[in-house]
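Residues in the sequence shown are numbered from 0 upward in steps of one, following the working numbering.
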Amino acid sequence: MPIRLYNTLSRKTEDFQPIKKGRANIYACGPTVYNYAHIGNLRTYIFEDILKRVLQYNNYKVQHIMNITDVGHLTSDGDQGEDKMEKGAIREGKTAWQIAKFYTAAFKKDLKDLNILPPNKFPKATDNMKEQIDLIKKLEQKGFTYKTSDGIYFDTAKLKDYGKLAGLDKQQLKAGARVEMGEKKNITDFALWKFSPKGQKRQMEWKSPWGIGFPGWHIECSAMSAKYLGQPFDIHCGGIDHVSVHHTNEIAQSETANDKPLANYWLHGEFMLMGEDKMAKSANNFVTLETLKEKNISPLAYRYLLLQTHYRKQLNFSWEALQAAQNGLNHLYNIVRSWDKAGPSCSGCEEKFLEAINNDLDMPGALAIMWDLIKDPVYPGSAKKRTILKFDKVLGLGLANLKKQKISIPTEIQTLVAERDGARFSKNWKKSDELRKQIEAEGYVVTDTPEGTKIEKK
Numbered sequence: 000m001p002i003r004l005y006n007t008l009s010r011k012t013e014d015f016q017p018i019k020k021g022r023a024n025i026y027a028c029g030p031t032v033y034n035y036a037h038i039g040n041l042r043t044y045i046f047e048d049i050l051k052r053v054l055q056y057n058n059y060k061v062q063h064i065m066n067i068t069d070v071g072h073l074t075s076d077g078d079q080g081e082d083k084m085e086k087g088a089i090r091e092g093k094t095a096w097q098i099a100k101f102y103t104a105a106f107k108k109d110l111k112d113l114n115i116l117p118p119n120k121f122p123k124a125t126d127n128m129k130e131q132i133d134l135i136k137k138l139e140q141k142g143f144t145y146k147t148s149d150g151i152y153f154d155t156a157k158l159k160d161y162g163k164l165a166g167l168d169k170q171q172l173k174a175g176a177r178v179e180m181g182e183k184k185n186i187t188d189f190a191l192w193k194f195s196p197k198g199q200k201r202q203m204e205w206k207s208p209w210g211i212g213f214p215g216w217h218i219e220c221s222a223m224s225a226k227y228l229g230q231p232f233d234i235h236c237g238g239i240d241h242v243s244v245h246h247t248n249e250i251a252q253s254e255t256a257n258d259k260p261l262a263n264y265w266l267h268g269e270f271m272l273m274g275e276d277k278m279a280k281s282a283n284n285f286v287t288l289e290t291l292k293e294k295n296i297s298p299l300a301y302r303y304l305l306l307q308t309h310y311r312k313q314l315n316f317s318w319e320a321l322q323a324a325q326n327g328l329n330h331l332y333n334i335v336r337s338w339d340k341a342g343p344s345c346s347g348c349e350e351k352f353l354e355a356i357n358n359d360l361d362m363p364g365a366l367a368i369m370w371d372l373i374k375d376p377v378y379p380g381s382a383k384k385r386t387i388l389k390f391d392k393v394l395g396l397g398l399a400n401l402k403k404q405k406i407s408i409p410t411e412i413q414t415l416v417a418e419r420d421g422a423r424f425s426k427n428w429k430k431s432d433e434l435r436k437q438i439e440a441e442g443y444v445v446t447d448t449p450e451g452t453k454i455e456k457k
């Protein structure tokens, strides 16, 4: 059964055809480590984790690289403003190196809390300076660069298909740009190397053939993806906001330098919205994973919430939806805990699940199949458990780590449950419903299963 993926480059859903049989190489744009990642950022990393898990579920050996941007990402995509790392250092009264170390560790902790499988490597921009300088030299030799007073720029006018990833021509890109031209030849030109400001000592700067400075944001990913995966590689991932600038510029410089495609498939996750605007640190309208924990919301409840919306659809954040996801996840955990040891699997359901996840990572469809199986009156709990634990290799909700709860049910609750069972046996549905509500008011939940009535704490 083929894996079908929506390719931003072709604007089509295509069968995944790897460069090497049985292998899939993925490059994912990692964080700029000047602040905590917010849950909108983390939505992208969860979508990428699902992609990786689906490939592994289909028996692909995955090589996954995620960079750490610890220099060169300016506060404006138009190559203006401060370096975010330097700005973060000033904000906290620390060195840029200390900021990078602290927020890299915080990001990795977020990934662990969300049960995101770690990449094979986390290369840092500051550890790959030679590769970035060498790539700029290649572009210079091919006549695609020019020098201004503040840096070395890529001349997009010399590239006929610039903007192909965004599906826009240069005129459309210019019309949508809101940046000052400065000394640029074209408004879509972008920095490959920025010179350190005169009279200012930056914390992060390097010698180069063009002068002391630091790399542009886009050159980092081009250099590191080629170093660790070769060019072309299979899949390049990131957030939807990377399409028109960052990934467009990666393609321009990588394909110009090496005369071959950068990646065969481009996958992008949609925004998390706060009201009508995207969640963003720059607008100071963001929520971190730590905030969720303070409100007694599990990070995996957030993961469960995201699974309910396709990765290519925008998602409006609300605390009500998140609390509902927490309740739903608790309910799932209680059901799985109540089942006996895993037995034979439910093969028909597994085939449907595979069809869903291979259909452009249709996680809402996959969850529906899981809940249909849970409610199925025919399969025993042991069979459901084996199959759903297999599903969780993709869902990543930590079901295999659950331990059977040993709870002591008070005598008065057991009496109410027995009365309710009697009412159900007599088909006195009104009394049965009243007793169920009374049991719930006392902090317990009753679930009717083929194996009998299950009692759980809320």
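Built from N, CA and C at the ideal position, the CB exists for glycine as well.
In this text, all values refer to a predicted model and were calculated from it rather than measured experimentally.
Contact under 9 Å by Cβ, residue i with residue j
i      : j      : result
Ile64  : Lys120 : yes
Thr446 : Ile334 : yes
Glu249 : Leu314 : no
Gly212 : Glu219 : no
Ile67  : Thr94  : no
Gln325 : Ala355 : no
Ala391 : Ala382 : Per the sequence shown, the amino acid found at residue 391 is Asp instead of Ala. No; because the gap between Cβ atoms is not below 9 Å, this pair is not in contact.
Met362 : Leu306 : yes
Leu288 : Tyr44  : no
Leu73  : Lys193 : yes
Phe143 : Leu164 : no
Ile18  : Pro231 : yes
Tyr303 : Leu331 : yes
Ala341 : Lys384 : yes
Arg190 : Asp160 : Before going on, a small fix: residue 190 reads as Ala here, not Arg. No.
Lys111 : Pro118 : no
Cut-off 7 Å between Cβ atoms - residues of its own chain near residue i, not counting five sequence neighbours on either side
i      : result
Asp76  : Val244
Gly71  : Asp82, Ala124, Phe213, Pro214, Gly215, Trp216, Glu219
Lys312 : Glu269
Ala105 : Tyr35
Lys137 : Ala256
Arg423 : Ser431
Glu441 : Ile412
8 Å CB neighbourhood of residue i in its chain, flanking five on each side removed
i      : result
Lys146 : Tyr152, Trp209
Ile98  : Val32, Tyr33, Met84, Gly87, Ala88, Glu91
Arg3   : Thr12, Glu13, Asp14, Phe15, Asn357, Asn358, Asp359
Tyr264 : Leu4, Asn6, Leu8, Glu13, Phe15, Asp233, Ile234, His235
Gly21  : Asn58, Tyr59, Lys60
Buried or exposed (CB count within 10 angstroms, at least 16 for buried), residue i
i      : result
Lys426 : exposed
Gly87  : buried
Met271 : buried
Gly493 : Because the chain in this structure spans residues 0 to 457, residue 493 falls outside the shown range and cannot be described.
Trp216 : buried
Ala156 : exposed
Asn295 : exposed
Gln252 : buried
Ala417 : exposed
Pro298 : buried
Trp338 : buried
Pro1   : exposed
Pro409 : exposed
Lys141 : exposed
Lys183 : buried
Assumed close pair residue i, residue j - CB separation to whole angstroms, cut-off 8 Å
i      : j      : result
Lys372 : Thr386 : Inspection of the sequence shows that residue 372 is occupied by Leu rather than by Lys. The Cβ separation is near 6 Å, so the contact holds.
Ala222 : Glu130 : 4 Å
Gly229 : Cys28  : That belief does not hold up - the Cβ atoms of Gly229 and Cys28 are roughly 18 Å apart, past 8 Å.
Asp432 : Thr452 : Not a contact, Cβ separation roughly 14 Å.
Asn127 : Lys200 : Between Lys200 and Asn127 the Cβ distance is about 23 Å, and since that is not below 8 Å, they are no contact.
Asp188 : Asp154 : 6 Å
Straight-line Cα distance separating residue j from residue i
i      : j      : result
Tyr26  : Thr7   : 15 Å
Ile115 : Asp69  : 21 Å
Val61  : Ile135 : 29 Å
Met180 : Thr255 : 23 Å
Phe462 : Asn58  : Examination of residue 462 is not possible in this model, given that the chain is present from 0 through 457 alone.
Ser460 : Ile132 : Residue 460 is absent from the model: the chain starts at 0 and stops at 457.
Lys456 : Val286 : 30 Å
Asp258 : Lys389 : 43 Å
Pro30  : Lys436 : 47 Å
Gln55  : Ile49  : 10 Å
Pro122 : Ile239 : 22 Å
Cys348 : Gly380 : 14 Å
Glu319 : Pro260 : 44 Å
Lys374 : Glu47  : 30 Å
Any C-beta of chain C under 9 Å from that of residue i
i      : result
Ala440 : No chain C appears in the structure shown, which is made up of a single protein chain.
Near the ligand MG: residue i beta-carbon under 8 Å from a heavy atom
i      : result
Phe316 : Ligands in the displayed structure: none, and consequently the ligand MG is not present.
Beta-carbon contacts of residue i that lie in its chain and below 6 Å, excluding the five residues immediately before and after
i      : result
Arg52  : Val393
Leu366 : Leu306
Pro343 : Ala382
Ser195 : Arg201, Glu204, Ile211, Gly212
Gly364 : Ala355
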